[in-house]
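Trainee: The structure follows.
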Amino acid sequence: MPMSDLDLLRPMLAFATVVETGSFRAAADRLALSAPYVSQMVSDLEARLGRQLLYRSTRRIALTVEGEAFLPHARTLSEAFAEGLDTVRDARRGLTGRLRVSAPTVLASPAFARVVRTFTADHPGIALEIDLDDRAIDPVAAQVDLALRIGDPGNDPRLARKLFTTRGVICCAPDLAPTIRKPGALSKLIWLRSPLTPAHLALRGPDGRSVTAEPARQIVINNAALIRAMLIEGNCFALLPEFTVRETLVASVLGVACPQWVVPDVSVYALYTERRTALTNARAFVDEVLSAIVGR
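Start counting the sequence shown at 767; every next residue gets the next number (our numbering).
Right, dumping it as structure tokens:
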């Protein structure tokens, strides 16, 4: 940015605030400035841009075509500025407010329990709500501040952040695992598949050869607890993220089928809403997820 344009930053903030509040008077009250001064800043901005941004009347203001085009950029600046201030202030005084998190049921694991326990201990001022649901929800429509998603993050890359990639493992009953060494043996079993898991399972062998598993049948289940319970009963298998079953495998509650074969990795994403007030809390939760699960 040229130095000559730096003095436009404050008028841009004023313009965004005027549009948000609906009047120069309301914007002045929010900014703790006089209404004439706010009006003059917007006029100066228009003069520098060589374009009228607002239609003004005694009763209301309205955006011009140029104003509508310019507003998203001014709003982004305003929100980034406010978010930066909030981040520094919150780091000093502690985070507060509500945080609604949506996550797939497969995350109901000891690893995720540690995330929740540590986060609530570190941030007692946050009222945390967690909804476990395997549907691919729209965070905005569901009024969720943060959605953790395994697999496809959806169609809005602006809101999605890839957190990490983890190894997938084929799990089954521990007494069944020694008999399921190659993909062909999966043809005798039922595949318990989450709606979030692709309908085709490709495995790569030690020699680099790829094979598509052909299970006896599939049952789609949108509850990881039920999947784990049925796995223990036997005659079935499931593809699960390794970090969600790590303790279960160590305790031999479940076993690993086809251990020499590589299955697709599983990616975990965070989907944020665009509400500035929720972003700081959501990012703090994501930081805890990364720290507890992947050690960063």
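Don't be surprised by glycine CBs; every beta carbon is placed ideally from N, CA and C.
Fair warning: this is a prediction, and the values are worked out from it, not measured in the lab.
Assuming the contact rule is C-beta atoms closer than 8 Å, Asp911 and Val867 should be a hit. Round their C-beta distance to whole Å, please.
Mentor: For a cut-off of 8 Å, the C-beta gap from Asp911 to Val867 is around 7 Å, short enough to register as a contact.
Trainee: Excluding sequence positions up to five away, which residues of its chain have a Cβ less than 6 Å from the Cβ of Ile1059?
Mentor: Ala877, Phe1009
Trainee: Between the alpha carbons of Asp1053 and Pro1007, how many angstroms are there, rounded?
Mentor: 19 Å
Trainee: Give me the residue from Arg1012, Trp1027, Ala979, Val1029 with the minimum Cα distance to Ala875.
Mentor: The question names Ala, but residue 875 in the sequence shown is Ser. The candidate whose alpha carbon is nearest that of Ser875 is Arg1012.
Trainee: Pull up the distance between the alpha-carbon of Gly917 and that of Ser960, whole angstroms please.
Mentor: Computed Cα separation, rounded: 11 Å.
Trainee: Have a look at Leu958, Arg947, Lys954 and flag the residue whose alpha-carbon is nearest the alpha-carbon of Pro972.
Mentor: Arg947
Trainee: Suppose you measure from the CA of Leu815 to the CA of Leu967; what does that come to, to the nearest Å?
Mentor: 56 Å
Trainee: Could you tell me if Thr824 is buried or exposed, where buried requires 16 or more neighbouring beta carbons within 10 angstroms of its beta carbon?
Mentor: exposed
Trainee: Closer than 8 Å by C-beta to Ala794: which residues in its own chain qualify, once you throw out the five before and the five after it? Chain order, please.
Mentor: Ser800, Ala801, Tyr803, Val804
Trainee: Can you grab the Cα-Cα spacing for the pair Ala943 / Ala926, in whole Å?
Mentor: 36 Å
Trainee: Could you name each continuous beta strand (DSSP E) segment of 3 residues or more that falls completely within the region 839-918, going from the start of the chain to the end?
Mentor: 863-869, 892-898, 912-916
Trainee: Around the C-beta of Asp888, are 16 or more other C-beta atoms found within 10 angstroms, so that it is buried, or is it exposed?
Mentor: exposed
Trainee: Going by the CB atoms, is the gap between Ile987 and Ala939 shorter than 8 Å?
Mentor: no
Trainee: Could you work out which residue in Leu811, Leu898, Thr842, Ala965 is closest to Ala1004 when comparing CA atoms only?
Mentor: Ala965
Trainee: When you compare only the Cα positions, how much space is there between Leu929 and Ala902?
Mentor: If I take the Cα positions, the gap works out to 17 Å.
Trainee: Rounded to whole angstroms, how far is the Cβ of Leu969 from the Cβ of Val1029, which I believe are closer than 8 Å?
Mentor: 6 Å
Trainee: Going by the CB atoms, is the gap between Ile956 and Cys1002 shorter than 8 Å?
Mentor: yes
Trainee: Quick check on Ser1018: buried or exposed, where buried means 16 or more other Cβ atoms within 10 Å of its Cβ?
Mentor: exposed
Trainee: What ranges does the beta strand (DSSP E) occupy inside the region 788-846, keeping only unbroken runs of at least 3 residues that lie completely in it?
Mentor: The DSSP assignment places 820-822, 827-829 as complete runs of the beta strand (DSSP E) inside the region 788-846, in order along the chain (cut-off: 3 residues).
Trainee: Quick one: residues in its chain with C-beta nearer than 8 Å to the C-beta of Arg791, no 5 flanking neighbours on either side, listed in chain order?
Mentor: Excluding the 5 residues flanking it on each side, Arg791 has same chain C-beta neighbours closer than 8 Å at Ala801, in chain order.
Trainee: Kindly identify the DSSP beta-bridge partner or partners of Phe1051.
Mentor: Note: Phe1051 sits in no beta bridge, so no partner.
Trainee: Quick one, are the C-beta atoms of Asp1031 and Gly934 less than 8 Å apart?
Mentor: yes
Trainee: Just to confirm my understanding: we take Leu772, look at its own chain, exclude 5 residues before and 5 after, and list those with CB closer than 6 Å. What are they?
Mentor: none
Trainee: Rounded to the nearest angstrom, how far is the Cβ of Thr871 from that of Ala991, given a contact under 8 Å?
Mentor: 7 Å
Trainee: Would you kindly check if the distance between the Cβ of Leu865 and the Cβ of Asn989 is under 8 Å?
Mentor: no
Trainee: Could you check the C-alpha separation between Gln818 and Val831 for me, to the nearest Å?
Mentor: 9 Å
Trainee: List the endpoints of the continuous alpha helix (DSSP H) containing Arg994.
Mentor: 990-999
Trainee: DSSP three-state call for Lys948: helix, strand or coil?
Mentor: coil
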